[in-house]
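Note sheet for the following structure.
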Ligand code: SF4
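Quick look at the structure:
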């Protein structure tokens with residue numbers, strides 16, 4: 220890793236990790252990717268973080284699945300009990316013909332008994348085919364993916380109030396802003412290349428306002444750092460908006476021209492004085508006033524947010540507040556202004572756009588609309604499906620426990636690690652009588668599979684992906700998949716045909732062409748154009764237009780072109796600390812590891828830097844408990860318990876513990892609360908009541 224020299228080929232593609240969507244050049248020698256360099260993509264301009272630069276060697280790991288596998292008749296009972304490097308006691312190798320036949324036979328004719336999880340790691344074409352297979356093949360909408368665990372509440376609020384779930388401006392627009400709020404996000408660790416633009420903004424005098432219950436590296440560049448109490452977002456944001464109203468700092472002209480429901484919002488904010496809200500959020504009233512003045516009086520302001528905002532039972536309310544804050548200041552639709560939920564996975568924007576969600580078809584066209592459904596069945600050549608909105612990720616697993624869903628097709632998703640209360644998720648997977656898993660490794664979820672279909676990594680396939688900036692980008696194959704592994708679009712197509720559908724795709728470009736027929740967002744974007752230009756931002760107004768970095772300058776895609784204010788009330792977290800569970804648990808990612816760890820923990824450099832499960836506690840908390848950094852602690856919530864190495868970290872509040880969720884040996888999601896936001900149906904990963912106990916010295 221990391222050497223330079225002569226290569227057999229150099230292939231331009233896109234980093235497979237976060238939603239920033241950095242473009243890369245993959246240097247190939249002897250059939251292996253040897254080195255990765257950043258190239259001049261619109262989101263990264265040559266920059267890469269440690270994951271993009273050094274985290275690619277997992278594609279050559281000897282745990283890669285190279286042949287289809289079928290569960291042995293004499294395999295031990297289903298459980299988290301398979302060694303991914305030595306699976307022969309549980310599975311036997313099979314030909315593609317046999318594996319596809321067994322996979323399809325177990326699913327065929329079962330209609331509502333089948334559900335599907337696709338993945339934000341899929342390309343746009345794979346995501347589109349996956350949702351099409353569930354809808355056309357089984358007649359319903361029970362198909363979802365990890366957007367449900369990520370920004371579903373942000374999208375719900377954006378669709379409701381702005382009329383579109385995507386960002387209104389690219390993150391690079393910060394270079395034209397005077398003030399920027401970054402809330403509930405830790406971009407230095409989670410969107411590192413975007414963070415470089417944020418730092419440059421602060422360096423040239425931009426006012427950076429960071430709001431997060433945890434401290435973070437961006438704090439060093441911030442004009443204001445508001446380390447508010449966990450779960451107190453609405454009280455803090457309403458207090459800031461209260462000041463803007465009280466001091467008359469809002470943009471009356473903009474509000475009159477482009478919004479609705481302002482009077483209701485204004486009246487609602489009356490009670491949220493900084494003095495009163497300070498008691499809930501823990502931020503001094505004067506700081507709240509200063510932030511309100513800085514944001515409202517700036518010529519151009521942007522708001523960026525992450526999962527600290529979205530992963531709460533009031534995640535949609537949190538986003539509603541951020542939208543209202545931007546609207547009342549007129550900070551949307553101009554250079555240096557905008558609303559930007561920083562998307563997590565490399566293709567969570569694209570997979571959602573492609574309809575991999577239970578309530579929407581591609582381009583967020585609702586499944587309840589007869590005209591919309593028939594437009595799709597016409598393009599698909601038949602295959603009626605239900606007008607009822609489907610179930611979400613967590614609801615599907617609940618329905619497995621209820622005995623209504625008995626078979627699943629899971630592509631690239633790892634619910635045995637990623638769902639809240641994973642013991643509940645694992646029990647659901649074990650209960651299925653037929654589970655087909657398509658992946659590149661024998662993941663924790665694949666432990667429960669009846670058939671495993673070996674798939675391809677990003678560097679082994681062609682396909683488009685869409686980043687947080689709405690930039691549709693071309694991914695290209697640099698090396699072939701290992702052994703008999705196949706491209707995912709091929710596998711889904713073969714499965715579809717064995718389910719009785721008649722799909723004839725020979726290449727993902729044909730899928731992209733079909734998507735365009737019912738996706739106006741892709742107007743003027745063609746496969747050939749992406750091949751030639753690597754990236755086009757949607758919307759693109761003509762074949763020459765590189766795309767619009769800023770949208771909604773002249774109104775919103777809502778009734779009468781107006782965005783809406785939706786007032787939000789303070790709702791406490793689902794469970795609050797008490798005598799039994801006196802501390803607050805929060806979870807997230809670390810710079811070196813990606814989500815459930817299946818890729819980055821198999822990357823030599825990343826695993827060497829961060830090899831062990833760990834949690835972070837304030838040094839004073841550790842001292843009080845008689846625990847030294849490096850000792851083992853036991854964390855227990857109402858769902859379960861893990862033992863994990865403790866680290867000292869002043870960024871964490873004294874009553875809080877932070878646990879990264881990439882480590883199966885101490886899985887954070889054994890602890891997390893499955894309570895969901897009623898609108899986005901996203902679980903409350905960011906707040907649970909927890910007990911921390913000393914276990915022993917390492
Ligand atoms: Fe990859 Fe994100 Fe890092 Fe860019 S910032 S290199 S997309 S992980």
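In UniProt numbering, the protein residues as written are 220 to 917.
Beta carbons are placed, not taken as given, at the ideal position from N, Cα and C, and that holds for glycine.
{"Query": "Whole runs of the beta strand (DSSP E) within the stretch 780-834, excluding any shorter than 3 residues", "Result": "802-807"}
{"Query": "3-residue-minimum beta strand (DSSP E) runs that sit fully inside the stretch 264-296, ordered along the chain", "Result": "288-290"}
{"Query": "Assigned secondary structure, residue 373 (DSSP; H/G/I helix, E/B strand, else coil)", "Result": "helix"}
{"Query": "Near ligand 1: residue 270 beta-carbon under 7 Å from a heavy atom", "Result": "yes"}
{"Query": "Of the residues 645, 720, 667, 680, the one placed nearest residue 952, counting alpha carbons only", "Result": "Because residue 952 is not part of the residues shown, which for the chain are 220 to 917, the question remains open."}
{"Query": "Contact test: residue 405 Cβ vs ligand 1 heavy atom, cutoff 7 Å", "Result": "no"}
{"Query": "Residue 626, DSSP secondary structure in three states", "Result": "strand"}
{"Query": "Near ligand 3: residue 411 beta-carbon under 7 Å from a heavy atom", "Result": "This structure simply doesn't include ligand 3; it includes ligand 1 instead."}
{"Query": "Distance cut-off 7 Å: residue 275 Cβ against heavy atoms of ligand 1", "Result": "no"}
{"Query": "beta-carbon residue 852 near ligand 1 non-hydrogen atom, thresh 7 Å", "Result": "no"}
{"Query": "Close-in-space but distant-in-sequence residues of the same chain around residue 220 (CB under 7 Å, 5 per side omitted)", "Result": "Confidence is the limiting factor: at residue 220 the pLDDT is only 43, short of 50, which leaves the residue's position unreliable and the question unanswerable from this model."}
{"Query": "Cα-Cα separation, residue 623 to residue 295", "Result": "25 Å"}
{"Query": "DSSP bridge partner residues for residue 910 (one or two, in chain order)", "Result": "855"}
{"Query": "Beta-carbon proximity check, residue 410 vs residue 534, cutoff 8 Å", "Result": "no"}
{"Query": "Cβ-heavy atom distance, residue 369 to ligand 1, below 7 Å", "Result": "no"}
{"Query": "Coarse secondary structure for residue 677, derived from DSSP in three states", "Result": "helix"}
{"Query": "Residues bridged to residue 721 (per DSSP)", "Result": "DSSP output for residue 721 lists no bridge partner at all."}
{"Query": "Counted within 10 angstroms of its Cβ, other Cβ atoms place residue 360 as buried (16 or more) or exposed", "Result": "buried"}
{"Query": "Residue from 309, 292, 630, 291 whose Cα sits closest to the Cα of residue 299", "Result": "309"}
{"Query": "Boundaries (first-last residue) of the beta strand (DSSP E) holding residue 643", "Result": "Per DSSP, residue 643 belongs to no beta strand (DSSP E); it is in the alpha helix (DSSP H), 641-650."}
{"Query": "Range of the contiguous alpha helix (DSSP H) that encloses residue 560", "Result": "No alpha helix (DSSP H) holds residue 560; the beta strand (DSSP E) holding it covers 557-560."}
{"Query": "Contacting residues, own chain, Cβ-Cβ under 6 Å from residue 389 (five flanking each side not counted)", "Result": "688, 768"}
{"Query": "Spatial neighbours of residue 261 in its chain, beta-carbon cut-off 6 Å, leaving aside the 5 residues before and after", "Result": "690, 754"}
{"Query": "Near ligand 1: residue 341 beta-carbon under 7 Å from a heavy atom", "Result": "no"}
{"Query": "beta-carbon residue 500 near ligand 1 non-hydrogen atom, thresh 7 Å", "Result": "no"}
{"Query": "At least 3 beta-carbon pairs within less than 8 Å: the stretch 629-639 vs the stretch 335-350", "Result": "yes"}
{"Query": "Contact test: residue 240 Cβ vs ligand 1 heavy atom, cutoff 7 Å", "Result": "yes"}
{"Query": "Stretch-stretch touch, CB-based, cutoff 8 Å, three pairs: the stretch 353-371 with the stretch 576-588", "Result": "yes"}
{"Query": "Simplified DSSP state of residue 443, which is helix, strand or coil", "Result": "strand"}
{"Query": "In DSSP terms, what residue 426 is bridged to", "Result": "398"}
{"Query": "Residue 520 - partner residues in DSSP beta bridges", "Result": "398"}
{"Query": "Distance cut-off 7 Å: residue 234 Cβ against heavy atoms of ligand 1", "Result": "yes"}
{"Query": "Per-residue burial, residue 657 [other beta carbons within 10 Å of its own, 16 or more giving buried]", "Result": "buried"}
{"Query": "Under the three-state DSSP convention, the category residue 576 falls into", "Result": "coil"}
{"Query": "Beta carbon proximity, residue 236 to chain B, threshold 8 Å", "Result": "Included in the structure is just one protein chain, with no chain B present."}
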